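*Asks:*
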Amino acid sequence: MTFHAAIHAENLRVHYGKRDILNLPLLSVPVGQMAALLGPNGAGKSTFLRCLLGMEHRMQGDVYVQGKRVGSVGAGGIARLRRGIGYVPQQLPAHSEMPLTVREVVAIGRTGIAGLFGPLRGKDWRIVDEWIARLGLCDVSARGFNRISGGQQRKALIAKAMVQQPGLLLLDEPTANLDLGWRERMIEVIEDLYQSAGLTVVLVCHELEVLPPSCQRVIVLQDGRLLEDGPCADVLRDDLITSLYGAGLSVIRNGRRWAVAPGEAVNA
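Structure below.
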């Protein structure tokens, strides 16, 4: 079956015991779109990403990623599928007693192409160094990954994802636990990648402030189900936000950026 979509899911269910963690009758993301996956904690956002990566063994239904059906391709097929997906997880890697340098961490992204035990060649290292430079990490490339700031670590993980030269980029709360300055820099990085690299981007978040200007669509999950889906201006309403996060909140729009604040909104 062929779809003109980077992601296509039908009758997707993930359940633990009698409880549905995810229940999506139909959800597609066209090639080249930036879509945000919004919802409170426990809504099923990260579970959906695990389904796309072939990491959710309780998954039922049909899921296609870049034309390949997840769950029917075997272990080797899953490995090939993931080569076309850049994935930046929510949690940063745990501390290691033998820390890798930033350059070595970024280079891990090329091992799926070179082979797990295959040496990286000159072309691979050129791509690694190009992305290190592009994301402004040259000054810290020789430092231990665990010795740089949280914002620099997230940039390194984005570089690690991009050296795979993916068609699809999955970002699971890429600004989590960053201060305001680093949050804005990360949004700029994501915006630049989308504008220049021709990617399909799915950005998981629960804050409107982190949506890049080019985000065209918001998919809202609640309790594992699709609550809303559409253009930002149609979906990001006061009534929706209060239903998700509580009363007394208003949506603020400033150009192509969004935010939530208590009280009555004043929009620019």
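Numbering (the numbering used here), first residue to last: 1264 to 1531.
Just so you know, even glycine gets a beta-carbon here, dropped at the ideal spot from N, CA and C.
All figures in this text were calculated on a predicted structure; none of them were measured in a lab.
For Gly1302, which of Leu1489, Val1328 and Val1403 has the nearest alpha-carbon?
*Replies:* For Gly1302, the nearest C-alpha among the options comes from Leu1489.
*Asks:* For Gly1518 and Val1365, what's the separation of their Cα atoms in angstroms?
*Replies:* Their backbone Cα atoms lie some 36 Å apart in a straight line.
*Asks:* With a cut-off of 8 Å, do at least 3 Cβ pairs link the region 1439-1452 to the region 1313-1328?
*Replies:* At 8 Å Cβ cutoff, the stretches do not touch.
*Asks:* When we look at the beta-carbon of Asp1435 and count the other beta-carbons within 10 Å, is it buried (16 or more) or exposed?
*Replies:* Counting Cβ neighbours within 10 Å, Asp1435 comes out buried, since at least 16 surround it.
*Asks:* Buried or exposed, going by whether 16 or more other CB atoms sit within 10 Å of the CB of Thr1265?
*Replies:* Annotation note: pLDDT 47 at Thr1265 (below 50); position unreliable, coordinate value reported separately. The residue in question, Thr1265, is exposed, as its Cβ has fewer than 16 Cβ neighbours within 10 Å.
*Asks:* My assumption, with CB atoms under 8 Å, is that Ala1422 sits in contact with Ile1395. Please give the rounded CB distance.
*Replies:* Indeed, because the Cβ distance is near 6 Å, the residues count as touching under 8 Å.
*Asks:* Which class does Ala1439 belong to by DSSP, given the choice of helix, strand or coil?
*Replies:* Coil at Ala1439, not helix or strand.
*Asks:* Within its chain, find whatever has a CB closer than 7 Å to the CB of Val1292; leave out the 5 residues flanking it on each side and keep chain order.
*Replies:* Closer than 7 Å at the Cβ level, and outside the excluded window around Val1292, lie Ala1268, Ala1269, Ile1270, Ala1298, Thr1463 and Val1465.
*Asks:* Indicate whether Leu1503 and Glu1491 have their beta-carbon atoms separated by less than 9 Å.
*Replies:* Yes, they are a contact pair.
*Asks:* Are the beta-carbon atoms of Gly1349 and Leu1441 separated by less than 9 Å?
*Replies:* Contact flag unset, no.
*Asks:* Ordered along the chain, which non-local residues of its own chain (more than five positions away) have a Cβ less than 6 Å from that of Leu1420?
*Replies:* If we look at Leu1420 and ignore the five residues flanking it on each side, its Cβ neighbours are Val1351.
*Asks:* With Thr1463 as the anchor, note down where its beta strand (DSSP E) starts and where it stops.
*Replies:* From DSSP, the beta strand (DSSP E) with Thr1463 extends over Thr1463 to Cys1468.
*Asks:* Restricting to runs no shorter than 4 residues, where is the alpha helix (DSSP H) found entirely within the region 1275-1330?
*Replies:* For the region 1275-1330, whole alpha helix (DSSP H) runs of length 4 or above, ordered along the chain, are 1308-1315.
*Asks:* Tell me the DSSP bridge mates of Trp1521?
*Replies:* Looking at the DSSP assignment, Trp1521 forms a beta bridge with Arg1516.
*Asks:* Within 10 angstroms of its Cβ, does Arg1282 collect 16 or more other Cβ (buried), or is it exposed?
*Replies:* By the 10 Å Cβ count, Arg1282 comes out exposed.
*Asks:* Can you name the start and end residues of the beta strand (DSSP E) that Gly1347 belongs to?
*Replies:* Element bounds for Gly1347: n/a, residue is neither H nor E.
*Asks:* Here's the rule: buried if 16 or more other CB atoms are within 10 angstroms of the residue's CB, otherwise exposed. What is Tyr1457?
*Replies:* Tyr1457 comes out buried.
*Asks:* Spatial neighbours of Cys1401 within its chain, please: CB distance less than 8 Å, with the 5 preceding and 5 following residues excluded, ordered by chain position.
*Replies:* The answer, listed in chain order, is Ile1395.
*Asks:* So what's Ala1272 in DSSP terms, helix, strand or just coil?
*Replies:* In the structure shown, Ala1272 sits in a strand (DSSP, three-state: E or B).
*Asks:* Where does the unbroken beta strand (DSSP E) through Gln1415 begin, and where does it stop?
*Replies:* Counting along the chain, Gln1415 falls outside any beta strand (DSSP E), though it belongs to the alpha helix (DSSP H) covering Gly1413 to Met1425.
*Asks:* I'd like to know whether the C-beta atoms of His1469 and Ala1342 end up nearer to each other than 9 Å.
*Replies:* Not closer than 9 Å, so no.
*Asks:* Leaving out the 5 sequence neighbours to the left and right, which residues in its chain are closer than 7 Å to Pro1494 when beta-carbon positions are compared?
*Replies:* So the list reads Gln1479 and Arg1480, once near-sequence residues are dropped.
*Asks:* Rounded to a whole number of angstroms, what is the C-alpha to C-alpha distance between Arg1384 and Pro1429?
*Replies:* Taking the straight line joining both Cα atoms gives about 19 Å.
*Asks:* Secondary structure at Gly1407, three-state DSSP: helix, strand or coil?
*Replies:* Reduced to three states, the DSSP call for Gly1407 is strand.
*Asks:* Have a look at the DSSP bridge pairing and note the partners of Ile1482.
*Replies:* In the DSSP output, where bridge partners are listed per residue, Ile1482 has Leu1300 and Asp1492.
*Asks:* I need the straight-line Cα distance from Ala1439 to Gly1330, nearest angstrom please.
*Replies:* Rounded to whole angstroms, Ala1439 to Gly1330 spans 31 Å at the Cα level.
*Asks:* I need the straight-line Cα distance from Asp1501 to Arg1406, nearest angstrom please.
*Replies:* C-alpha separation (whole angstroms): 45 Å.
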